[in-house]
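Chemist: Take this structure, written in structure tokens, and hold onto it; I'll ask about it next.
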Ligand code: SF4
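As structure tokens, then:
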């Protein structure tokens, strides 16, 4: 794998914080994350359920639902401040410049209208376009996502299509207006393994053909290795490691990244070799642990890890992580304190 170098930033997320006030307290779902996405880059965001992957993506596209609150930070797209856009500006922006495909295609398509109506409506809401041109473009887009009988599919309802076909339709809808950035939120989770592979290949092919950037949210490290250029590893609402896929795969820095990698099934595993799950439970966002959020699960935990959160440290160009192991910790604090 060759690392790519990019010069042109498309998206800049800086110190983004999102919380959910609840009757039991405030859930800090995203706790000061920062990353960049460049033109033509595919960035993976990896983490367990509840790590804040999807919430951060929904903030970018303005789809956070109440009671979520953006408490701080900034999101800039081609230099424009997304968080200060009016509702009307956001509606134009969403679908036009940034699009998203969701985990469950079945629940993302409207069951009441035929597919053709939903596709042409998307075009009408972003472009001044005649009825027949919209229909033509919708058919061409369905064909470009591998749907051969596109004219027939235009007449069908969601319930008449398979899960894989629905996801192809969702991808067609997301790409209709030629977005510069596509956010794919675990787009293959609801599909069976063979279809998953087809959809991932299709997305990568379309991304390369259109020169789009893509944020691919997943808990599957294998997919990241396959299609992404860079990766951000999220844990408990923070990015704990970030870098090119090459750097993170071949020289992981953070104990959580290393633990995730040990849990990936590999084709060269022998029958007697077992996958090693990440020990312990994910963070309780209502009462997160002090210090490093990963410390209750970390086999390398030191005294200082329980007291103080480590700062982000860049180890090589673009490759950084937040862990006390990367700092010059005093000898007295080096003893590993977690019992395993
Ligand atoms: Fe483990 Fe400490 Fe690093 Fe956190 S800071 S990941 S507890 S070694």
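Numbering (this note's numbering), first residue to last: -7 to 332.
We put the CB at the ideal spot given by N, CA and C, even for glycine.
1. State the CB to CB distance for the pair residue 282 and residue 299, rounded to an integer number of angstroms; the pair is presumed to be in contact (CB under 8 Å).
2. Report the rounded CA-to-CA distance for residue 65 versus residue 125, giving the unit in angstroms.
3. Report all residues from its chain with a CB closer than 6 Å to the CB of residue 90; omit the five preceding and five following residues, and keep chain order.
4. Which term fits residue 279, buried or exposed, when burial requires 16 or more other beta carbons within 10 angstroms of its beta carbon?
5. Apart from the five residues on each side of it in sequence, which residues of its chain come closer than 6 Å, Cβ to Cβ, to residue 324?
6. How big is the Cα-Cα spacing for residue 371 and residue 162?
7. Tell me where the beta strand (DSSP E) around residue 234 begins and ends.
8. For the alpha helix (DSSP H) that contains residue 213, what are its first and last residues?
9. Report the three-state DSSP secondary structure of residue 324 (helix, strand or coil).
10. For residue 41 versus residue 25, is the C-beta distance shorter than 8 Å?
11. Residue 223 lies in the beta strand (DSSP E); which residues open and close that run?
12. Less than 8 Å between the C-beta atoms of residue 182 and residue 95, yes or no?
13. How is residue 126 classed by DSSP in three states: helix, strand or coil?
14. Rounded to the nearest angstrom, what separates residue 68 and residue 138 at their Cα positions?
Modeler: Quick answer:
1. Here the question's residue 282 lines up with position 290 in the chain shown. Here the question's residue 299 lines up with position 307 in the chain shown. Rounded, the Cβ-Cβ distance is 7 Å, consistent with contact.
2. Within the chain shown, numbered from 1, the residue matching residue 65 stands at position 73. Within the chain shown, numbered from 1, the residue matching residue 125 stands at position 133. So the two alpha carbons sit approximately 41 Å from each other.
3. Stepping through the chain shown from its first residue, residue 90 is reached at position 98. These residues qualify, in order along the chain: 53, 171 and 173.
4. Residue mapping note: residue 279 aligns to position 287 of the chain shown, counting from 1. Exposed.
5. Taking the first residue of the chain shown as position 1, residue 324 is located at position 332. Residue placement at residue 324 is flagged as unreliable, the pLDDT there being 49, under the threshold of 50; a coordinate-derived value is accordingly withheld.
6. What is shown of the chain runs -7 to 332, which leaves residue 371 out entirely.
7. Counting from one through the chain shown, the residue named residue 234 turns up at place 242. Start and end: 230 to 236.
8. Start at 1 with the first residue of the chain shown, and residue 213 comes out as number 221. Counting along the chain, the alpha helix (DSSP H) containing residue 213 begins and ends at 213 to 219.
9. Locating residue 324 in the chain shown gives position 332, where the first residue counts as 1. Annotation note: pLDDT 49 at residue 324 (below 50); position unreliable, no value reported.
10. The count along the chain shown starts at 1 and reaches residue 41 at position 49. The count along the chain shown starts at 1 and reaches residue 25 at position 33. Not in contact: residue 41 and residue 25 (Cβ atoms no closer than 8 Å).
11. Here residue 223 is taken as the residue at index 231 of the chain shown, counted from 1. Where residue 223 is concerned, the enclosing beta strand (DSSP E) stretches over 222 to 227.
12. Taking the chain shown and counting its residues from 1, one reaches residue 182 at position 190. Taking the chain shown and counting its residues from 1, one reaches residue 95 at position 103. Cβ distance < 8 Å, so residue 182 and residue 95 count as in contact.
13. Here residue 126 corresponds to residue number 134 of the chain shown, with the count starting at 1. Of the three classes helix, strand and coil, the one that applies to residue 126 here is helix, per DSSP.
14. Counting from 1 along the chain shown, the entry for residue 68 is found at position 76. Counting from 1 along the chain shown, the entry for residue 138 is found at position 146. When rounded, the distance between both Cα atoms is 33 Å.
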